[in-house]
Structure formats: C-alpha cells, structure tokens
Amino acid sequence: MTPLIAFRGITKRFPGVVALEDVTLEVRRGELHAVCGENGAGKSTLMKILSGVYQPDEGTLEIDGRPVRFTGTRDAERAGVAIIHQELALVEQLSVAANVFLGRERRTPTGLLDDRTMLEECGRLLATLECPVPPGTPTGSLRVGDQQLVEIAKALSLDASVVVMDEPTSALTEAESARLERTISRLLARGTTIIYISHKMDEVFRLADRITVLRDGRHVRTVDRAATTPREITGWMVGRDISSGDLQTRRQRGGRLLEVRDLSLPWPEHPRGYRLSHVSLDLHAGEILGVAGLMGAGRTELLETIFGAGEPTWTGEIRLDGAPVRFRHPREACDARIAMVTEDRKRLGLFPDLDVAGNVSLCSLRDALRGGLVSRRREETMVSATVRETGVKTPGVHAAITGLSGGNQQKCIIGRWLLTRPRVLLLDDPTRGIDVGAKAELYALIDRLCRDGMGVILTSSELPELLTLADRIVVLAEGRLTAEFSRAEATEEKIMHAATGGSPAAARA
Amino acid sequence: MNGTGNPTGGWRIPRHELALLAAIVLVYVVTGWLDPNHTYFGNWAESRDIILRNTALLGIIALGAAVVIIAGGIDLSAGSMVAFSATTCALLLAVFSEVDDRRLVTVGPLGIAAAIGGALLSGLLVGTLHAWLITAIRLPPFVATLATLVGLRSFARAMCLFVTRERWGSESQQINVNTPFFAWLKEHNVWISTGAFLAIAFVTWLILSRTVLGRHLYALGGNEQAARLSGVRTENVKWFAYCFGSLTASLAGIFLMADSSVAQPGNLARGYELNAIAAAVVGGCSLQGGVGTVPGTVLGALFLRLVIDAVSKLIKASADIYEGMIVGIIVALAVTLTQVGQAAKGGRVLFPGARGLAAIPTIATFAGLLAMMGAANVDAIKGRTGVFGMVVGACVLAILAAVRWMECRRAS
Amino acid sequence: MRRQAMADTRLLPRAAWAEMACAVAVAMSMAAGLPGCSGQQKPATPAGPGAAPTAAAKRLIFITNGDDPFWDALLSGLKEGEKRFGCAAAGLTVSRDVNNASAEGQIERLRQYATQNDVAGIAISVIQADNQSIVEEMKRLQAKGVKVITVDGDVNRNTFRDARPFYIGTDNVVGGRMLGTATRALLEGRGLKEGGYVQFAGFTDNDNARSRMNGVKEAIGPAYAERDRMADEMDLPRARDNVRNATQNHKDLAALVGIWAYNAPAIADVVIASGTRDKYVVATFDAADLAIGHMEKGNIDCMVVQNPFEMGVQTVRLLKAMIEGDDAVVQEMYPRVGGPDGDIYTTGLRVVVPSDASPVKKELFDPKVVEFMTLPDFKAWLAKYNLTSS
C-alpha cells in the first residue's frame, strides 16, 4: 500500500550547516507518526519541506506515490497538508479570527470581508479546543499558550488530510494537552494522518502508532511504538544513554535571601481586577523554589515584579536580606544582584545582531573595562570562561548567536546573568523548546549554581521538571498562591489540584 | 551584515567597507578617464576640495543619523535642524553686533563664542525634545522627528523675521553673515570641516565599539525589550542617541552657514536628512536597528558625494537636478547588493512570479527614461535622445529578461 | 532577516568576492553608463588620461538665479548671440544653467565650474546681492583666468564693486521709476489721490528687486503709502499666498506691484479668482507668457518690460570679446570704464499698456530711456524675434 507521504533521499543545506542528509521516511495513511529528535536533528526542517516553506536541495517528496514540488505553503495547503509551527506565525495586530482565516478570508457575495461568519466559525473552533478567548481579541495580547491554541485552530480550519504538529504542547498545560489529545483522537477517527513532533516521551508513547528518530540530520530508525521503550528512543536521539540522574544529594539551605509579603498587582482591565493577590513567599540561599501554575496564573508577573520589570503599581513588600526594596528598573535589581532569565528568549532575551560574546557580556561590560574602554581581550576571556562553565556549544565566541540551537542560546542567556554573580536567580520557563540532552545539562547547571549559594526561583509548566529540581514548590492559581509543598510531599496530582484553584491546602499565611 | 556590523566581532574582514572602497576607487578612475577635461587626474585639487567639503558636511550629519539608526530609531529632522542651528547662530551674531551692522562684521569674540555655543546648545535641546517625545510621550520616532522636520524650519523662519524686524526695522528672510571669523572659517573650510568630520568619526567609532554606552546602543537597536530586561537604561541611551544626532546636525549648520555666508532658513539644507540616512544605509546601517559601523558610514558618505561630483563632471552642468535620482539608485543598489550574495546561494529568486515579471519592464522603462534625459545634455546624441533612450531601455529589458529566464530554468 | 554564522575562515569567503565583484561592476556601469559619457566629443574616441586636451570647445555659461520663464527669453538671446557673433567658428559653445533659487546652489555651481578647464566665461544673475561667498567664488574664478560678469542681478555695488568688471542689465532703479510713474498715473486715473500699495518679489534683498522697489517708491510719490514688500523665494504657491494675505491685511490697498516675472501672473490669478480685479491697479515687471495673456484679457494694467533677449545677445558679445581680448568691442559697450557707473551696460526697457485708452501716456516717459508701446505693437515686436515672452 503506497504510503501517504514519502520522503526519499531528502537533503537540505543552509549556509554553514547541513540540516538534513539523505533522509528517507514513509508515513502511512491514517496513522499518528511521531518524530523525535534533539533540537538541530532536523525535525522542523523536514516538516517545513513537507509544508512548502523550504525546497529540498536533493531528493523528492511524494504524496500518494506521486512526486510533488511545493513552491510555497499554498501548494502544500492545496495538497492537504497543514502545519502547526513551533514558532508561532501569527500577526499580533490582527484578531484571533483574522489570523485563523488569514489568506482564506470568507467573503460576502459582494466580495467584502465577511467578519461575522469568520467570528462565528472561529468561535466554534475555539470552543472545540475549549479555548476561552473571544475570537475578536487581538492576538498580541494573548499569552503564549493561548496563541498556540489559535495556531492549532488555524490548522484545524483547513480540514487537511495531513496535519503536522511541531511540539504543540510545549506551551500548554496538562489540562490543555489532554484536550488536544482528545482533538487528535477525533482527527484520527476521521482518517486524518498526523505527524507529531515531540520529545515528551509520555505523550509519544500514549499517542503514536510509529516513531521515527532523527539525529544530526539523518534518519536513525523507525519503529512501531509497541516494539520499543522511552529509554530506547531517547538513547537513539542522543546517541547515548540518558538517565534522568538524581540530582538530589542534599543541598544545603542557607539564610533567607528574599521575602515577598502580600504582593498584589492590580489589573484594571480585567474582571478579576488583579494579576497577583496577596502572594507571599520566601527564598533561601542554596534552594530552588519552584513556581507552578497554569497559563495566566501570574508566574511571569510575579518574577517580573520582583525584578522591577513589571508594572510599578504593585503593593506589598519585597525584602532582600531583610531590607525592603522597590525596584523601578531592571538595572536596580541587577545592581542588587538579582538576575532574571525571561521566557521567550527570541523576543525578550536575545540580541540577534550581536555575536555570542556580545550577548553574554552585555550585563557585565563594566568588568571588562580598561581605561574606561571595553577591552576586547578581557571580554573574550570573560565570555569564554562562561561559555565553558555553562557548556555552550558554539563555533567560537564571535559566532552569530542566531546560529546556535535553542538550548545553547538559553545557556548563553543564563551565562549572561551568571556573569553578574547574582545571589537570586529568577528563571521563567527556561527549558521551553529545548531538547532532552540540553535540558539535562541545564538541570545540572542550575543544581550546581544552587550549591554555590545562589537562590533560584524557577517557573515551569512541566511538573516533572519541577519535581526533579525544586526543593519547595508553590502553586499559583489565578493570581493567588494556593499551595506550598516541600519536595517530599509534592505530587503531580496535588500540584495540579492546587493549580486549578482547589482549596488552598497548607497555604502560608 | 554579519561580522562587520557586529561591535564585538573579532578581526573579521569588513567585506562591506572593502566593497565600498573598491567602488569609490573605481568611480574615481573611470570618471577621470571619461571626462574630457580629465579633471580628476589633471586638476584634482579643486575637485578634491569640493568633494572633501561636501563629504565632511554630509558625513557629520550622517554619523549622527547612523548613531540614531543603530539605536533603533530614526531622525527625519536633520535638515531642519541644520537650518535651525544656522539661523540661531546668525541671530545670536546679529544680537551681538553693532546696531546698524546688517552684515554682522562687527561681532567680537564673545559674540562668536555665544553664537556657536548657542547653535550647539539648540542641538542639545532639540535632541532632548526628541528623546522626551519618544520615551515619555511614547511617540514613534518617525512621528516625533517628522514633527520637528516641519516645525523647526518654520520656527527658524519665524525667528528670522522677528529678529531682523526688531533689530533692523525691516523683515528679511535671511541674514547675511560676513563676520571675519566665519569668513576665515570659510577660507579654510575644506580642512577644518574635514578635520572636524574625522575627529567626530573617531570619537563616534570609539564610543560605538569600545564603550559600554556603545554596546548598549547596539543592544537597544537589536532588541529593545531584551535590552531593558538586561538592565540597560534604555531611556538614557535613547537620549544620548538623539542628542548626538541633533548635535552633529547643528555643527553642520554652523559650517554651512559659514560656507554660504548666509543663513536662509527657508531653503537651507532641504532634504539633507534623507541624504544622511542614505549615506548611513549605503554604509551598512540597517533601518531595523542594531547594525552599522562608523567606517561604513564614512565611506558611504564619501561614495555618495563622489558619485554626485562625478555626474557633475560628466554632464558638465550642475548635478543637483540628478542628485535625487542618483542617491535613490545608489541606496537601492547598495542594499540590494548585500542581498545578491544571499539570494544566489539560498536559491532565492530575484524576479519571482508575476511580481518579478512586472518589475522587469518597470526597471527597463526607468532606465530608458533616465538615459534619455541625461543624454539630452550630450551633443553627440542630441536630436536622437528618444532613440537612445529606447536602446538603453531595450538593453536593460534584455538583460533582466535573461536573468529571469535563467532563474526559471534553474527552478524547473 | 538574520544571517547564519560563517564557519568559513578563509581570508575572504567566496560570497565576499561575489559581493565585491558585483559592487565593482555596478559602480563601473554607473560611471560609464551615466548620461553624457563624453560631453562634447565623439563618444568613440575619448582621450586617454595622459594626452593633453585637444583644442576642445570652450564654454560660456549663464547661471540664472532660479527657475523663471524670464530665463527662456534670455536663452533665446544667448542662442541668437551665439549665431550672430560666430561662436562656433571661434570654438565657443553657449549654455544656460538654471539654479535652484538658493545661494548655496550658485556657490556650488561656481565651485564646480572652477574645476573644469574648458569653461572660459561665466555670466551670473546673482541671487543675493550681499552674499560674500558668491563674491569670493567669482573672484576665485577670475583669478584662474575665467571671465566673469553679472547680468540682470548684480552684487551690491557699494561693497563688492570689484567682484566683476562689468554688468549687463536693466537699470533697475530707472525701471522701478517707470513702473512707479505708471502706477501713479493709473491710480490718479481712477481718481484715487491716496492709498496703499504692496510690492511682490522673490527676494527683497536681491539687488535688482531692491533697486526696482526703491525706484517704484520714489516715483509713485508720497501720496501713496508702501504697505509692504513681500518675498516668496521663487515659490509660486507662496507668491499667490502673499497676494491673498496682502489684500486681506491692508484695507486701503489700491495697487499691487509685481517685481519679478512670475509675480505678474500670480497677482492676476489671485485677483481674478477672488473677483476683486476692479479694486486694484495691477502693475508688473516683465512680460511672461501668462502675463501677456492676462493683459490681453484686461487683467494687468501696465507692464514694464525688460529685454532679456537683448541681455542674452549682449552677454555673448561681451564674454566673447573679453575672451578674445577684443578691446574695441569692450570699449564700445563700456565707453566710460573707470568712471562711476562705467561698468554698467543697460539693455532697453519698454512700457507696455493694453491700448491707447490707458491713463498711462507716452508723454510721461523719456523716449531716450524707455520705449512706450501698446500691447499689439509689443506682440508684433515679439513675433519679429520669435519670442513668446520678454
């Protein structure tokens, strides 16, 4: 039986790097085919070839046995291929409905835009995804998780025969992921073929029929799901055996670094009225405090407020080493040895025109001064040391930062802040979009930093991650702190219960 | 632009600057050869003076424009700032001159210092105004500097009328400046303004590539939010950038006033801001911010002025009618060239689909018209300019069509 | 669009050569393909860099102050002079360079011509009489051996007399007086013993404008009050705005006086559009195409017309004589060199009225200085020289 999609000998090169080399892969009709690989393995590139964004340098793509050549995404769409990108491709100024129907707008008989139909249809789509956002909302004002749902809605509205999902749950909560899985089941039941890129083994093993592993641009293996284990798959992905090591040899907890008391942040435009309400927590030296919560719970706002990067309208008290502080600009927080690694490094963290050295040294240029001027040599020394310490893989400190993989970019940003020798490190979802191997390295790095006496507040949507790293976990739900657990007493269910607004068990006063 | 626009880039070969340098040398040699007077070879001292003087003037403003662009902003008001500064200088001279001296010959050193200082101060004030409008009022830079583009010139004209009326009883649209100091300045304007230009270029280079402020400028231009979140005081950096831009324009205003012995705010330096931005862009600055160098901007200014002068030599009349077209073509070509290498490698097509097909005859038509108009000055072609234009247009059409055909063949 | 990291560490990556080659090719094609490849000579044989310039044609260039139809009539005169005095045989070509109405424009042009060895003579209508920079450039050109004269617009003769040996043009004070006399006659013809008037020009500090306006004021007499002198910097819309503003600002306005050629149609257009033609006396300088049309329709009461055609002819004559060292011609044109006003050659003036019925009468004017014509006669005169304006 001819496969629905066949990649035959696909090769794709970019300046300086070979993204895919002689990849041959078949996808059968009606199956859910998972594609796994580290970042840089070539998964996204392969899918972009399928969806018409790129053209292969060598090799052919066959749909239903016939070779095709897509010159653009329209061709792919017409052939029935829809893709949900990992990097969101939405126009922020347009509404949700406009984005969903972008390029395929519905028109009235007279040829004008039929906004009403589009809003209705969009509303229905969002309802099936159980997304509460009104279809007329400007997309730019949504948080990342909701934006991803819009992307999914867009692909679903295409009614495609092949749907490619590139890490769709990376910004979704567990509940939303479950809902997505229900949607996927519905699609499969209808006969849609799904290609599912992910490195979350639990998802893959729950959903996939067959699994393909790519590594360094080559095809490693394709197996039936029933014939393999997660350990085996991750082993093929990194070419070595990964054990999620136990990082838990006791860390010493030191004195109290940071105290937050009754922190409240008003939110005038929202019916709820506040982004944060009476949040209190403590952070000690040498400990990792995890902050769990759903999208919109206020995790990022909490970190931003502590860092002085958010709205200045907050009330309450923040004490650093016992002394009250009120930062009006990140610079002041920086001077007080607090550092923050933001979510969404592309938008908020990277300087694409600066090289690795420029990105890493930005906050600590003063240490590289000689005679009032920045000394290149000192800067390079500083940066090289940091690059080594954080384990960044880069051709050199003067390489363009855009050429690095996501994990390495994130390490650079962490390195940037490490150079400021902070005592408090705030990490906002630092491992989003980072592959398994790099994640493990980041965990080890964070653990090491803590042993050196730093206090870390870590936000994450991945509960296993929090359970691996954190000493204590607080849970935010809709701006309120609903629970606090030590690692020993924390379980995924308890955290999820608190995050969905369950009764504030053991909430701190 | 890789590496070259990167302030921390190691000793990477500055491709863009080398290409500009090669182009400059080439234009010089070819023009000198084609020009029947062979002015560039035989009598180049005068031409050198003209080119240097104009390059220095343009370059000073372009350095300011480059700093603003690198910081992620834009300053549309440079030309009006030049006029405003020249007018301020002249007016202060008038205030410090003796009562009936309408040619400002009698101004003492105090007056001169006050006038120059006042003109530069006006630059600082306008720069601060820009920074305030942009950071506190949150006007987009385009809008804020558009407002001053029109506002400053008008304000300068009003000031001119007001002061001339108060001082000398009759309104005048301009003020003649025959002060001996400025006459002396004009005498030596070539070297003084070139020297000032090089000094400012050096200082700018130092700031941009070797100071924390410079690095912050690049960071701000590259990603403003990330810069803020990394502790960069973005408001202060912007303030510096816009003040620098306006200050360089006001210095240029003083030189221009000295050179033409008059401050006429209505017409002075119209369009200079666009030439300055063009020089910065040709020199490698990206209008999105975060990219650009001083050597590139300097060479960009030199290249622009050289080509304008070359056209003067070749058409043997003043080139200011063609100046706009020249600058436009050069800017488009310069930015295109940096993409040509990418396009060829990345398989990108220059004339894709229907758009590309439509672009070809458009370009050919413009080329033909341009050739026709320019050739009207050439006696050998006179009377057959229409034919000449069509021939040039047809040649361009053939070349572009061939490119398109090759692309189609490659794709299939 | 972000660039990928270049791992290539060769001295100049391949792409760089491609870029440079492109840049060089483009620059070359621009310089070579630019219009006017070889100026006057045949494109086929450009002289090599080492060869001495062949007996190339020398150029006479006329630099105007701005763009104005006045200069078209002058251009006809230049061409006529080129023919009449045998310039081609003497290896001289005559051309006109239109300035952009700014002082910097003229300064820049003078500097450019200083670099070009084939320029032999320059005539310039100086835009700002008091501008020192223009004067210095003129002197610098003369130091190089280029002959420089002023035509139509002179430098300030009190301070910069030595900037040029000769001036050709209208005696602007006289011209102003003519216009003042005519305007007075027109006002009296309407029975107005007093009233206000406004004068309009491009620049109020331009020498010829200043002289004319002073002449008008002198001749129109103390009974009428000069309310304003309005400058428009050769910007046509602004010229019209000035007229509108003048009519609104001054309630006793009785006459509108145009000093430069384009002011005439500007004034006429405005008064026609506002329906106030009958309220004002319209007296103007020069006979631009449009102005002649307006006078035919009765919109202009009187024109004092210069003779730019003659200016052009005499310019060529003088410059050629200066270049060839032909003292006889120079002596003939300037018999009183060295004396006061010995450096001025006046070209004729005409006073033109719509018809004999005009209150402006021939007897008001000295026939030695000015020629009085009615419009039909004037048009006949124009036709004789194939001119459409003056």
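Residue numbers (this note's numbering), protein chains in the order written: chain W, 260 to 768; chain U, 19 to 430; chain D, 182 to 571.
Built from N, CA and C at the ideal position, the CB exists for glycine as well.
Judged by beta-carbon spacing, L347 (chain W) lies within the 8 Å limit of E410 (chain W), meaning their Cβ atoms are closer than that value. Proximity to L704 (chain W) across W:R480, W:V683 and W:G674 peaks at W:G674, based on C-alpha coordinates. The beta carbon of A412 (chain U) sits closer than 8 Å to those of A382 and G386, all from its chain and outside the five residues before and after it, given in chain order.
A straight-line Cα-Cα distance of about 29 Å links R517 (chain D) and G361 (chain D). As computed with DSSP, R515 (chain W) is found in a beta bridge with W:H543. Interface residue (Cβ-Cβ distance to chain U less than 8 Å): G674 (chain W) is not classified as such. The beta strand (DSSP E) runs of length 3 or more contained entirely in the stretch 289-371 of chain U do not exist; there are none. Of the candidates U:R183, U:R427 and U:C178, the residue whose Cα lies closest to the Cα of A281 (chain U) is U:C178. Of all C-beta pairs linking the stretch 317-328 of chain D to the stretch 359-374 of chain D, fewer than three are shorter than 8 Å, placing the two stretches out of contact. Sequence-ordered contacts of the stretch 475-503 of chain D with chain U are nonexistent [C-beta pairs closer than 9 Å]. Counting only runs of 4+ residues, the alpha helix (DSSP H) found wholly inside the stretch 84-144 of chain U occupies 96-113, in chain order. Scanning chain W for C-beta atoms nearer than 8 Å to the C-beta of Q243 (chain U) yields R606 and L607, reported in chain order. In the DSSP assignment, N207 (chain U) is bridged to no other residue. Neighbours of T385 (chain D) in chain U, taken as residues at a C-beta separation under 7 Å, are given in chain order as S190. In this structure, the straight-line span from the alpha carbon of L418 (chain U) to that of I378 (chain U) is close to 6 Å. The three-state secondary structure of Y515 (chain D), taken from DSSP, is coil. Judged by DSSP secondary structure, A703 (chain W) falls outside any beta strand (DSSP E) and instead within the alpha helix (DSSP H) spanning V695 to R710. At a cut-off of 8 Å, the C-beta of D311 (chain D) has a neighbouring C-beta in chain U. The Cβ atoms of T283 (chain W) and R272 (chain W) do not sit closer than 8 Å to each other. Using a Cβ-Cβ distance cut-off of 8 Å, the stretch 659-672 of chain W and the stretch 584-599 of chain W are not in contact, since fewer than three pairs of beta carbons, one from each stretch, lie closer than that value.
For a Cβ distance threshold of 9 Å, nothing in chain U lies close to R517 (chain D): the least Cβ distance comes to about 29 Å. In terms of Cβ geometry, P250 (chain D) and Y566 (chain D) do not form a close pair [threshold 8 Å].
DSSP lists W:L735 as the bridge partner or partners of G552 (chain W). The beta carbon of I78 (chain U) does not come within 8 Å of any beta carbon belonging to chain D, so the residue lies off that interface. For R637 (chain W), the uninterrupted alpha helix (DSSP H) run begins and ends at R635 to T649, by DSSP.
Restricting attention to alpha helix (DSSP H) runs no shorter than 4 residues, the stretch 321-381 of chain W encloses them at 332-337 and 355-359, ordered along the chain.
DSSP, reduced to helix, strand and coil, places I411 (chain W) within a helical segment of the structure shown. Separation of A372 (chain U) and S455 (chain D) (C-alpha to C-alpha, rounded to the nearest whole angstrom) is 51 Å. Chain-ordered listing is empty here: chain W has no CB closer than 8 Å to the CB of T315 (chain U), the nearest sitting near 16 Å. Along the length of the stretch 436-482 of chain D, whole alpha helix (DSSP H) runs at least 4 residues long occupy 444-454 and 470-477, reported in chain order.
When DSSP states are grouped into helix, strand and coil, S536 (chain W) belongs to the strand group.
Contact between D524 (chain D) and P346 (chain D) holds: CB atoms are separated by about 6 Å, below the 8 Å threshold. Interface residue (Cβ-Cβ distance to chain D less than 8 Å): N194 (chain U) is classified as such. Residue-level contact by beta carbon fails for H344 (chain W) and chain U, as no gap is shorter than 8 Å. Counting only the Cα atoms, L466 (chain W) lies some 8 Å from E440 (chain W). Within chain U, D338 have C-beta atoms less than 7 Å from the C-beta of G286 (chain D), given in sequence order.
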